[in-house]
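Under UniProt numbering, the first residue of the sequence shown is numbered 1, with each subsequent residue one higher.
Please read the structure below before turning to the comments.
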Amino acid sequence: MRVVALVHYYVPWYMAGSEVMLHAMLRALADAGHHVEVVVTSHERGPDEYRHEGIRVQCAGERGSVVELLDQLAPDVLVSHHQEAPHAAHYARTRRGRSPRVALVFHNTFPGALAVCRRWRPDLAVFNTDWVADYYRRRRAVMPGTQTLVVHPPVDADRHRTRPGDRVTLVNLNRDKGGEIFCALAERMPDIHFMGVIGGHGEQIVRDLPNVRIQPHTPDPRRDIWARTKVLLMPSVYESYGLVSIEAAVSGIPTIAAPTPGLKEALGEAGTWVRRTDLSGWEREIRRLLEPGEWRLASKKAKARSAELDPGEELAEWVRMVESL
Numbered sequence: 001m002r003v004v005a006l007v008h009y010y011v012p013w014y015m016a017g018s019e020v021m022l023h024a025m026l027r028a029l030a031d032a033g034h035h036v037e038v039v040v041t042s043h044e045r046g047p048d049e050y051r052h053e054g055i056r057v058q059c060a061g062e063r064g065s066v067v068e069l070l071d072q073l074a075p076d077v078l079v080s081h082h083q084e085a086p087h088a089a090h091y092a093r094t095r096r097g098r099s100p101r102v103a104l105v106f107h108n109t110f111p112g113a114l115a116v117c118r119r120w121r122p123d124l125a126v127f128n129t130d131w132v133a134d135y136y137r138r139r140r141a142v143m144p145g146t147q148t149l150v151v152h153p154p155v156d157a158d159r160h161r162t163r164p165g166d167r168v169t170l171v172n173l174n175r176d177k178g179g180e181i182f183c184a185l186a187e188r189m190p191d192i193h194f195m196g197v198i199g200g201h202g203e204q205i206v207r208d209l210p211n212v213r214i215q216p217h218t219p220d221p222r223r224d225i226w227a228r229t230k231v232l233l234m235p236s237v238y239e240s241y242g243l244v245s246i247e248a249a250v251s252g253i254p255t256i257a258a259p260t261p262g263l264k265e266a267l268g269e270a271g272t273w274v275r276r277t278d279l280s281g282w283e284r285e286i287r288r289l290l291e292p293g294e295w296r297l298a299s300k301k302a303k304a305r306s307a308e309l310d311p312g313e314e315l316a317e318w319v320r321m322v323e324s325l
């Protein structure tokens, strides 16, 4: 079976949660013996063509060249997400003869994504959490004839497991992820070592503070992030899941988070919850978790939660459902 993913960005040049999740899903298809390729449309970093972990990635920035490249690749199944989802569905509908089946992955509850699911009626709609899937169903965004599946963003534990470091870390310094809150906490706590990681999307809020290390966007989070992190911060406005919190949990790194539905589903009882705008609460919980006894207890809970979220079963079901298309 020939599977092609049509996307705007791809790993390892863009390591945001959506891209990391989709790559894990495509690798599962490749590991099952299927031919998998990726077409990217907004690839501002990296080469125009490359291979990553056995998957060939080609850049086709012009819309006409995208269609030509998809025609050449002749997919049996076309996979997409975000802004390329309607283009993938439109391409499949307008092909003469045997059209590819369409599997779309939905990572959030934004109105535009619901409209895509409702209008384009993919053969398979994949949701990254139970709460997101329920949200679409309650709003009747899933039309008759569309199969549905929940795949929580997979984490390959062996790619992330390491000995934690000593810093309090925020991954992605844009406003919605909490970049301003991170800077405010670093200013309030000059005795604590912080690390801010440049994210894969959004304008980054970076200030020159003596107790803050800035880590560039990286394809190697185990070495560059988790080996330097003791506590992870996620003061996000919105998280449909919160993949980095589970990547951190593999190494027993606890997360302090704003109580979004996605982070609650991801972390469960392993999370430490603080209202996003409560700076005193964030400071209090940071200092508490940096105490050795409190950190060991939270670390144990994080590792246990990571073990509960083994992705093998959901990825196997994903492969089975794509094959059934």
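Built from N, CA and C at the ideal position, the CB exists for glycine as well.
Would you mind giving the Cβ-Cβ distance between residue i and residue j, rounded to the nearest angstrom? I have them listed as a contact below 8 Å.
i             : j             : result
leucine 6     : serine 80     : 5 Å
leucine 325   : aspartate 123 : 5 Å
leucine 73    : valine 4      : 5 Å
aspartate 176 : glycine 202   : 7 Å
valine 11     : histidine 52  : 6 Å
threonine 109 : valine 126    : Incorrect: roughly 14 Å between the Cβ atoms, too far for contact.
valine 155    : proline 311   : 6 Å
glutamine 83  : histidine 160 : The pair is not a contact, with the Cβ atoms about 28 Å apart (cut-off 8 Å).
May I ask you to list the residues that DSSP assigns as paired with residue i?
i              : result
glutamine 147  : Leu124
arginine 167   : Thr229
methionine 189 : DSSP lists no partner for methionine 189.
threonine 272  : Ile256
leucine 78     : Val4, Val102
glycine 196    : Leu170, Ile214
valine 39      : Leu6, Gln58
Buried or exposed: residue i, going by 16 or more other Cβ atoms within 10 Å of its Cβ?
i             : result
alanine 307   : exposed
threonine 94  : exposed
glycine 112   : exposed
glutamate 37  : buried
proline 254   : buried
histidine 87  : buried
proline 153   : buried
glycine 145   : exposed
arginine 305  : buried
glycine 33    : exposed
arginine 167  : buried
alanine 143   : Residue identity check: residue 143 is methionine in the sequence provided, not alanine. Exposed: under 16 other Cβ atoms inside 10 Å.
histidine 90  : exposed
glutamate 317 : exposed
glutamate 313 : exposed
glutamate 19  : buried
proline 164   : buried
Please tell me whether residue i and residue j are closer than 8 Å, where the distance is taken between their beta carbons.
i              : j              : result
residue 329    : alanine 248    : Because the chain is modelled from 1 through 325, residue 329 falls outside the range shown and cannot be assessed.
tryptophan 273 : serine 251     : no
valine 171     : valine 237     : no
alanine 141    : cysteine 117   : yes
glutamate 239  : aspartate 130  : no
leucine 173    : arginine 139   : no
threonine 169  : leucine 233    : yes
alanine 24     : threonine 41   : no
asparagine 128 : valine 151     : yes
isoleucine 256 : methionine 189 : no
proline 216    : glycine 178    : no
| Counting Cβ pairs closer than 8 Å, one from the segment 180-189 and one from the segment 274-284, do we hit at least three? | As far as the Cβ criterion goes, the segment 180-189 touches the segment 274-284, which means the pair count is three or higher.
| query | When the Cβ atoms of the segment 295-303 are set against those of the segment 262-272, are three or more pairs found closer than 8 Å? | reply | The answer is yes - the segment 262-272 touches the segment 295-303, with three or more Cβ pairs under 8 Å.
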